[in-house]
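One structure is given here, and the rest of the page talks about it.
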Amino acid sequence: MTGWAADEEFAGVTPQLTVADTDAAVRFYTAVFDADELLRNHAPDGRVMHCELLVGGGRLLLHDEFPEHGAGRGPVALGGTPVVLHLYVADVDAVFAAALAQGATELIAPQEAFWGDRYAMIKDPFGHHWSVAQRVADPSVAELQERADRWAEDNSGASPNDTAAERRD
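Pasting the structure below:
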């Protein structure tokens, strides 16, 4: 593929989150995900225009709400988000507990998921949804499909993804 201006600091997709209070968001992400702040720029009125964090080996960009410049509003102002940010961690239970202690809301308590992860989901105080996972098993494609089918049967026929499981290594 041509035309990508690859930068090793920004490999792959880099999420950029709009939040109502970047200062508070940085404190939360530092306390919960052990984020490192790399840089921050402010607008003349003091709002954060650009903040870069290193979270789990990848970049996370943040900025305050700037609706007058098309940067929009965060999920709290919008009434929710359809997006979930996923992060593998060393200890799901510890991260989940830290998130709740820092003001997050429980969406899914830590549990053993059929796909082989210990898994939990939270809504951070800024309205963004995060799932955290740690690998505890590595089922084969056939085992994964069996587990998914069993999960669907146990959950009123609902499917977590409405498709057959595929491994893309």
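Numbering of the sequence shown is given in this note's numbering, commencing with residue 215 and proceeding in unit increments.
Backbone N, C-alpha and C fix where the C-beta goes; we use that ideal spot for every residue, glycine too.
_With a threshold of 8 Å, are at least 3 pairs of Cβ atoms found where one atom belongs to the region 292-310 and the other to the region 333-350?_
yes
*Would you mind listing the beta strand (DSSP E) stretches within the region 252-277 that are 3+ residues and don't spill past its ends, in chain order?*
262-269
*Return the Cβ separation of R273 and T228 in integer angstroms, given the expectation that the two are a contact with Cβ distance under 8 Å.*
5 Å
*Take A362 as the anchor and find which of E266, A327, Q230 has the nearest alpha-carbon.*
A327
_So, at 8 Å on beta carbons, what are the nonlocal neighbours of E380 in its own chain, with the 5 sequence-adjacent residues on each side left out?_
Below a pLDDT of 50, predicted positions are generally treated as unreliable, and E380, at 44, falls in that range; no measurement from the model is reported.
*asked:* Please classify P409 as buried or exposed, where buried requires at least 16 neighbouring CB atoms within 10 angstroms.
replied: This structure cannot speak to residue 409, because the chain is shown only from 215 to 383.
*Give me the Cα-Cα distance between R254 and V233, rounded to the nearest whole angstrom.*
14 Å
*Counting along the chain, where does the beta strand (DSSP E) carrying R332 start and finish?*
331-337
*Tell me whether H343 sits in a helix, a strand or coil according to DSSP, three-state version.*
strand
_chain C contact for P258 (CB, 7 Å cutoff)_ = Among the protein chains of the structure shown there is no chain C, as only one such chain exists.
_In whole angstroms, give me the CA-to-CA distance for D368 and A351._
21 Å
*Continuous beta strand (DSSP E) stretch holding E320: start and end*: 319-326
*Using the rule of at least 16 other Cβ atoms within 10 Å of the residue's Cβ for burial, across every protein chain shown, is R332 buried or exposed?*
buried
*Short Cβ contact (7 Å threshold) for G270 with L299*: no
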